[in-house]
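Novice: Taken in sequence, the protein lines are chains A and B.
Under the numbering used here, the first residue of the first sequence is numbered 443, with each subsequent residue one higher.
Under the numbering used here, the first residue of the second sequence is numbered 443, with each subsequent residue one higher.
Sharing a structure here in structure tokens format.
2 protein chains.
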Amino acid sequence: MSKPKTAITPTREENYAEWYQQVIAGADLAESSPVRGCMIIRPWGYTLWENMQRALDDMFKATGHQNAYFPLFIPLSFLQKEAAHVEGFAKECAVVTHHRLEAGPDGKLVPTGELEEPLIVRPTSETIIGDAFSRWVQSYRDLPLLINQWANVVRWEMRTRLFLRTTEFLWQEGHTAHATREEAVEETMRMLDVYAEFAESWMAVPVIKGEKTAGERFPGADRTFSIEAMMQDRKALQTGTSHFLGQNFARASNIQFLGADGTQQYAWTTSWGVSTRLIGGLLMTHSDDDGFVLPPKLAPQQVVIIPIYRSDDEKGRVLEYCRKVAAELRAQRYEGAAVRATVDERDERGGEKVWHWVRKGVPVRLEIGPRDIDKDAVFAARRDRAPKDKQSVARAEFVATIAETLESIQGGLYDRAAAYRDDHTVEIDDRDEFYKFFTPPSVAEGAPTPIHGGFALTHFSGEVELEEKIKNDLGVTVRNIPLDDVEPGVCPFTGRPSAQRVVWAKAY
Amino acid sequence: MSKPKTAITPTREENYAEWYQQVIAGADLAESSPVRGCMIIRPWGYTLWENMQRALDDMFKATGHQNAYFPLFIPLSFLQKEAAHVEGFAKECAVVTHHRLEAGPDGKLVPTGELEEPLIVRPTSETIIGDAFSRWVQSYRDLPLLINQWANVVRWEMRTRLFLRTTEFLWQEGHTAHATREEAVEETMRMLDVYAEFAESWMAVPVIKGEKTAGERFPGADRTFSIEAMMQDRKALQTGTSHFLGQNFARASNIQFLGADGTQQYAWTTSWGVSTRLIGGLLMTHSDDDGFVLPPKLAPQQVVIIPIYRSDDEKGRVLEYCRKVAAELRAQRYEGAAVRATVDERDERGGEKVWHWVRKGVPVRLEIGPRDIDKDAVFAARRDRAPKDKQSVARAEFVATIAETLESIQGGLYDRAAAYRDDHTVEIDDRDEFYKFFTPPSVAEGAPTPIHGGFALTHFSGEVELEEKIKNDLGVTVRNIPLDDVEPGVCPFTGRPSAQRVVWAKAY
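Below, the structure is given as structure tokens:
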């Protein structure tokens with residue numbers, strides 16, 4: 443049998459890392475910029491991000507949060523207020539040291555106007571927001587304080603990859619202060635639930651909610667929780683984190699309040715964030731060897747209509763019909779909003795247009811030519827099925843059922859991703875089996891590592907050194923300790939008691 | 443007569459600059475941060491910005507633009523590509539020179555990892571976006587390219603003022619490329635119109651559209667157009683600019699395309715922007731000596747309901763009724779969206795709540811107590827009228843007419859601002875009269891300069907030196923050359939012919 447032609451080269455099996463880059467390029471999602479490690483998010487990728495933002499923002503507001511905006515720059519002395527925090531970020535900081543440019547002796551512009559204190563381009567904003575909170579919080583009546591910020595942040599990464607790890611990225615960071623430990627823990631878990639709900643309902647990405655081990659905690663946090671998803675190379679992607687910060691940042695920033703009992707107390711704080719990394723996760727969950735696959739709820743366009751004609755005469759008639767269908771679709775509603783439908787009127791060949799929209803991942807494509815119009819029908823294809831799998835459907839029926847079609851795609855993508863994850867998640871109770879599970883098949887030198895492994899659920903007695911050894915041996919880490927598994931057992935590595943199974947995987 | 447009590451001290455007349463700061467503080471819009479010249483935008487100010495963004499973004503999309511995102515950092519060599527451009531921004535650049543922090547000999551953290559080429563935190567993005575456009579534009583089929591970015595930018599200002607002039611500010615920057623000069627000019631004017639429409643219809647701020655003189659042009663532009671509004675101290679505020687960049691940046695960034703005629707050509711580009719400065723302009727147009735005044739279309743809350751009760755018994759009954767009224771209001775629509783109404787259930791005295799919302803500028807306040815409920819009525823006050831001017835209105839009538847009430851406030855604010863501007867705009871045809879118009883009344887040493895002057899419309903023969911002299915003499919500049927005035931005349935300063943009157947004013 444000859445190898446099937448795909449719109450993306452190489453395929454996932456052939457070279458997963460390169461396939462990822464090619465899907466991004468094929469969908470015009472983003473590109474590298476001339477600034478080391480910084481990406482340009484192109485309109486198709488940015489519109490997807492806007493849709494994600496809108497959905498998340500609605501969820502944040504529904505849970506009582508308000509948006510605000512804090513400075514891009516953090517004085518070095520602020521970053522140093524929390525010891526573990528500065529330790530965690532010092533190695534990857536963009537540092538502003540000067541505030542003007544002047545021509546030097548050779549006429550070349552050089553930085554001048556040295557700052558008394560260097561400014562750090564925010565890698566995260568606990569310290570600068572903590573400082574504001576210390577002024578805003580005086581009494582227990584000022585609590586809880588529930589703030590979110592949409593912003594760009596910078597972490598000077600040495601090895602970058604579009605969306606997954608970039609020097610600058612876009613994100614939101616929630617920061618909250620509470621009167622009691624219980625309320626802060628509750629908030630931490632509430633936002634973890636919001637993230638899981640967003641990942642599953644909007645992105646159609648199944649996730650495991652759990653707590654991070656000590657080594658993977660956010661610098662300065664008491665407890666860090668994450669949602670973890672399985673990509674199609676069976677690696678884990680952490681797609682959101684929620685941190686219980688205890689009183690660490692409240693002490694560092696002096697966030698104190700007068701309690702109802704008349705005593706002065708430190709507040710309890712949380713922070714939580716998701717970023718443009720979500721786009722990388724969405725891509726690696728659903729996309730196939732023909733390119734990007736978009737869940738309908740987040741798709742910039744949900745239906746694209748491709749007019750098919752051979753002559754100018756046909757063109758007028760076909761375009762008119764296509765525009766009418768688009769208008770009818772836009773009058774339909776899906777998930778509380780008008781259906782997003784567009785006609786591709788560009789002056790290109792029909793076949794090229796079809797592949798263009800396949801690569802961009804639009805959930806539903808319609809091809810409409812004179813013969814379809816004669817039948818008052820549309821030729822419909824779904825992005826979750828094979829490109830050649832097209833059906834003629836009566837126009838009125840297609841329009842009337844568009845919400846169901848989109849919902850069927852949305853649900854189908856989730857089910858497929860959940861099945862893939864479940865197929866590659868195994869409970870392992872034996873050390874050798876564990877090592878075998880994560881050892882890749884041998885391949886010719888220089889060839890990419892084949893897809894292998896998955897999620898291994900094992901008991902674990904929790905030693906930091908053991909986790910470190912397994913990481914060194916296999917490149918595998920504890921992704922998280924699932925919240926919904928509390929069955930005790932025996933650790934296969936140490937023979938010691940274990941409170942519950944944890945998720946091991948290779949990870950991005 | 444005793445001086446009337448006001449919620450803001452000092453009043454506009456007493457000290458306009460200080461009044462401005464106090465209105466911001468009284469409305470919790472923003473505050474200074476520990477980072478020199480950078481502000482914190484508090485939730486009330488940020489929600490206003492979100493409402494502005496939403497309205498502008500819809501207008502940009504309706505005119506065919508798409509959002510994208512480009513790097514925060516601009517390599518020094520990029521900024522230098524356009525000579526006038528780098529000249530214009532070199533003196534106010536935040537420069538990133540290092541990418542990590544390490545403990546020095548004394549244990550203090552110092553910047554290390556010096557960059558080979560310094561990075562400039564974007565003051566504007568023509569050069570970095572131009573570089574992307576040079577890759578995206580190949581053929582005339584790729585044009586027009588209509589891109590917008592919502593972003594933070596940094597200009598190292600020495601004298602800062604919240605919203606009006608800050609080191610970091612939030613803005614949008616549109617960047618477009620076209621095949622012909624005519625199309626680029628048309629785009630420049632289209633976006634100027636969009637800005638004027640937004641200022642007048644949404645912000646209720648009347649503006650004058652016009653062209654900037656050479657000295658006030660954007661660095662690197664062929665022509666710069668602005669909208670100018672009059673503040674209540676009669677100074678002008680430039681609230682938006684739209685630049686026709688000619689082929690300057692296309693040559694600098696090598697944005698070339700193959701024309702329909704088969705020849706290789708440079709594109710014609712534009713850029714246009716508005717920023718969080720708009721909030722300062724909105725404030726100084728409408729606010730009064732009791733604080734902020736919000737136009738209903740942009741108000742974070744349009745109606746606030748203040749429950750009035752004396753006992754716990756009353757409280758339950760009053761809150762229930764207030765919540766019902768809020769729900770009824772939210773079921774009404776104004777300007778295509780649900781009316782934004784909230785009940786202030788905080789545990790504060792009613793009088794304090796009233797002044798709290800007066801200072802925040804909410805368009806309509808309701809006070810509801812047991813006696814109002816007995817009559818099934820609400821006690822309503824409008825923020826555009828005196829605080830004590832309250833009326834009892836039957837609940838059903840109030841709810842049914844809320845959209846009209848809000849529209850009446852929106853229109854009234856515009857009319858009042860337009861009348862104020864017109865009252866202080868004069869045609870002047872004599873040099874001495876001009877100098878007298880802009881000379882402040884003498885006051886005691888150290889006292890703030892009284893409000894004086896306004897907009898002077900004079901003929902002007904256009905000499906750069908003359909404009910410079912008047913600026914030095916009076917602190918007055920040509921704000922713009924209005925688009926809708928083309929009556930020729932004689933310049934009162936030189937006696938030479940003048941194509942039309944220009945707008946002179948002191949300005950922010």
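All C-beta atoms, glycine included, are put in the ideal place defined by N, C-alpha and C.
Using the Cβ count rule (16 or more neighbours within 10 Å means buried), how would you classify B/Ser-567?
Specialist: As a position in the second sequence, residue 567 of chain B is number 125, starting the count at 1. Buried: at least 16 other Cβ atoms inside 10 Å.
Novice: Under three-state DSSP, which class holds A/Lys-948?
Specialist: Here residue 948 of chain A refers to the residue found at position 506 of the first sequence. Coil at A/Lys-948, not helix or strand.
Novice: For the beta strand (DSSP E) containing A/Asn-914, name the first residue and the last one.
Specialist: Here the question's residue 914 of chain A lines up with position 472 in the first sequence. Premise fails: A/Asn-914 lies in the alpha helix (DSSP H), 906-916, not in any beta strand (DSSP E).
Novice: One question on the structure: do A/Gln-744 and A/Ala-773 come within less than 8 Å of each other, judged by their Cβ atoms?
Specialist: The count along the first sequence starts at 1 and reaches residue 744 of chain A at position 302. The count along the first sequence starts at 1 and reaches residue 773 of chain A at position 331. Against a cut-off of 8 Å, the Cβ pair of A/Ala-773 and A/Gln-744 comes out as no contact.
Novice: Are the Cβ atoms of A/Val-563 and A/Phe-515 separated by less than 8 Å?
Specialist: Working through the first sequence from its first residue, we reach residue 563 of chain A at position 121. Working through the first sequence from its first residue, we reach residue 515 of chain A at position 73. It is a contact, given that the beta carbons lie within the stated cut-off.
Novice: Can you have a look at B/Ser-940 and say buried or exposed, based on whether 16 or more other CB atoms are within 10 angstroms of its CB?
Specialist: As a first step, residue 940 of chain B is located in the second sequence; it is residue number 498 there, counting from the start. It is buried - the Cβ of B/Ser-940 has at least 16 other Cβ atoms within 10 Å.
Novice: When burial is assigned at 16 or more other CB atoms within 10 Å of the CB, is A/Ser-684 buried or exposed?
Specialist: Translated into positions along the first sequence, residue 684 of chain A becomes position 242. Buried.
Novice: Do you know offhand how far B/Lys-948's Cα is from B/Ala-671's?
Specialist: Taking the second sequence and counting its residues from 1, the one referred to as residue 948 of chain B is at position 506. Taking the second sequence and counting its residues from 1, the one referred to as residue 671 of chain B is at position 229. Roughly 12 Å separates the two Cα atoms.
Novice: Please go through the same chain and pick out, in chain order, the residues whose beta-carbon is closer than 8 Å to the beta-carbon of A/Ala-678, but skip the five residues on each side of it.
Specialist: One-based indexing of the first sequence puts residue 678 of chain A at position 236. Around A/Ala-678: Glu-670, Ala-671, Met-672, Phe-897, Arg-921, Val-945, Ala-947, Lys-948, Ala-949, Tyr-950.
Novice: Report the residues of the stretch 520-542 of chain A with a CB closer than 9 Å to any CB of chain B, ordered along the chain.
Specialist: Correct list: Phe-520, Leu-521, Gln-522, Val-528, Phe-531, Ala-532, Lys-533, Glu-534, Cys-535, Ala-536, Val-537, Val-538, Thr-539, His-540, His-541, Arg-542.
Novice: Can you tell me the Cα-Cα spacing of B/Thr-712 and B/Trp-578, whole angstroms?
Specialist: If you number the second sequence from 1, residue 712 of chain B lands on position 270. If you number the second sequence from 1, residue 578 of chain B lands on position 136. Distance between the alpha carbons of B/Thr-712 and B/Trp-578 is about 16 Å.
Novice: Checking the sheet assignment: what are the DSSP bridge partners for A/Asp-789?
Specialist: Against the first sequence, residue 789 of chain A aligns to sequence position 347. DSSP output for A/Asp-789 lists no bridge partner at all.
Novice: At 7 Å on the CB atoms, spell out the chain B contacts of A/Trp-598, in chain order.
Specialist: In the first sequence, the residue the question calls residue 598 of chain A occupies position 156. The contacting residues are His-541, Arg-542.
Novice: Taking only beta-carbon atoms, is A/Asn-509 less than 8 Å away from chain B?
Specialist: As a first step, residue 509 of chain A is located in the first sequence; it is residue number 67 there, counting from the start. True, the Cβ-Cβ gap to chain B drops below 8 Å.
Novice: Three-state secondary structure (DSSP) at A/Trp-598?
Specialist: Working through the first sequence from its first residue, we reach residue 598 of chain A at position 156. The answer is coil: DSSP assigns A/Trp-598 none of H, G, I, E or B.
Novice: Mind the definition here: the stretch 644-654 of chain A touches the stretch 612-621 of chain A only if three or more C-beta pairs lie below 8 Å; say whether that holds.
Specialist: No, the stretch 644-654 of chain A is not in contact with the stretch 612-621 of chain A.
Novice: Compute the beta-carbon to beta-carbon distance between A/Trp-613 and A/Val-595, rounded to the nearest angstrom, for a pair I have assumed lies under 8 Å.
Specialist: Position 171 of the first sequence, counted from the start, is the residue given in the question as residue 613 of chain A. Position 153 of the first sequence, counted from the start, is the residue given in the question as residue 595 of chain A. The Cβ separation is near 6 Å, so the contact holds.
Novice: Mind pulling the chain B residues with CB within less than 9 Å of A/Asn-594?
Specialist: Counted from its first residue, the first sequence places residue 594 of chain A at position 152. Per Cβ cutoff of 9 Å: Tyr-511, Leu-514, Ala-593, Asn-594.
Novice: Listed from N- to C-terminal order along the chain, which residues in the stretch 462-481 of chain A have their beta-carbon within a distance smaller than 7 Å of any beta-carbon of chain B?
Specialist: The residues in question are Ser-475, Pro-476, Val-477, Cys-480.
Novice: Using a Cβ-Cβ cutoff of less than 7 Å, which residues in the same chain neighbour B/Glu-558 once the five nearest sequence positions on both sides are dropped?
Specialist: Numbered from its first residue, the second sequence carries residue 558 of chain B at position 116. Once the five neighbours on either side are set aside, B/Glu-558 has no close Cβ partner at all.
Novice: Given that B/Glu-492 touches chain A, what residues does it touch there, using C-beta distances under 7 Å?
Specialist: Residue 492 of chain B sits at position 50 when you count from the first residue of the second sequence. Near B/Glu-492 (Cβ distances below 7 Å), the residues of chain A are Asn-509.
Novice: Roughly how many angstroms separate the alpha carbons of B/Arg-801 and B/Thr-655, rounded to a whole number?
Specialist: Mapped onto the second sequence, residue 801 of chain B falls at position 359. Mapped onto the second sequence, residue 655 of chain B falls at position 213. So the alpha carbons of these two residues sit roughly 39 Å apart.
Novice: Can you check whether the C-beta of A/Tyr-582 is within less than 8 Å of a C-beta belonging to chain B?
Specialist: Taking the first sequence and counting its residues from 1, the one referred to as residue 582 of chain A is at position 140. False, the Cβ-Cβ gap to chain B never drops below 8 Å.
Novice: To the nearest angstrom, report how far apart B/Ile-721 and B/Phe-605 are at their CA atoms.
Specialist: Numbered from its first residue, the second sequence carries residue 721 of chain B at position 279. Numbered from its first residue, the second sequence carries residue 605 of chain B at position 163. Their backbone Cα atoms lie some 6 Å apart in a straight line.
Novice: Using only CA atoms, which one of B/Ala-459, B/Pro-924, B/Met-600, B/Cys-480 lies nearest to B/His-901?
Specialist: For the purposes of this step, residue 901 of chain B is taken as the residue at position 459 of the second sequence. Of the listed residues, the one whose Cα sits closest to B/His-901 is B/Pro-924.
Novice: Please classify B/Gln-464: is it buried, with 16 or more other beta-carbons within 10 angstroms of its beta-carbon, or exposed?
Specialist: Along the second sequence, one-based indexing puts residue 464 of chain B at 22. Under this definition B/Gln-464 is a buried residue.
Novice: For B/Val-906, which residues from the same chain have a beta carbon less than 7 Å from its beta carbon, with the 5 sequence-adjacent residues on both sides left out?
Specialist: Taking the first residue of the second sequence as 1, we reach residue 906 of chain B at position 464. Excluding residues within five positions, the ones whose Cβ falls inside 7 Å are Ala-656, Gly-657.
Novice: Apply the 10 Å Cβ neighbour rule to B/Val-767 and answer buried if 16 or more other Cβ atoms are within range, or exposed otherwise.
Specialist: Taking the first residue of the second sequence as position 1, residue 767 of chain B is located at position 325. Per the 10 Å Cβ criterion, buried.
Novice: What number of angstroms, rounded off, separates the C-alpha of A/Glu-787 from the C-alpha of A/Ile-748?
Specialist: Within the first sequence, the letter at position 345 stands for residue 787 of chain A. Within the first sequence, the letter at position 306 stands for residue 748 of chain A. C-alpha separation (whole angstroms): 8 Å.
Novice: Quick check on B/Lys-651: does DSSP put it in helix, strand or coil?
Specialist: As a first step, residue 651 of chain B must be located in the second sequence, where it is residue number 209. In the structure shown, B/Lys-651 sits in a strand (DSSP, three-state: E or B).
Novice: Of all Cβ atoms in chain B, is any one closer than 8 Å to the Cβ of A/Ser-754?
Specialist: Along the first sequence, read from residue 1 onward, the residue named residue 754 of chain A stands at position 312. For clarity, residue 754 of chain A is Asp in the given sequence; the question names Ser instead. By this cut-off, A/Asp-754 is not an interface position.
Novice: Which partner residues does A/Phe-897 have in the DSSP bridge list?
Specialist: Position 455 of the first sequence, counted from the start, is the residue given in the question as residue 897 of chain A. DSSP lists A/Thr-867 as partners of A/Phe-897.
Novice: Considering A/Val-767, what are the terminal residues of the alpha helix (DSSP H) in which it resides?
Specialist: To locate residue 767 of chain A, count along the first sequence from 1; it is residue 325. Note, A/Val-767: alpha helix (DSSP H), 754-772.
Novice: What did DSSP end up calling A/Asn-590 once you bin it into helix, strand or coil?
Specialist: Stepping through the first sequence from its first residue, residue 590 of chain A is reached at position 148. If DSSP states are grouped into helix, strand and coil, A/Asn-590 belongs with the strands.
Novice: Determine contact between the stretch 524-533 of chain A and the stretch 516-525 of chain B, defined as no fewer than three beta-carbon pairs at a distance below 8 Å.
Specialist: Output reads no: the stretch 516-525 of chain B does not touch the stretch 524-533 of chain A.
Novice: Is A/Pro-661 near A/Ala-859, with beta carbons less than 8 Å apart?
Specialist: The count along the first sequence starts at 1 and reaches residue 661 of chain A at position 219. The count along the first sequence starts at 1 and reaches residue 859 of chain A at position 417. No, the pair does not count as a contact, with Cβ atoms beyond the cut-off.
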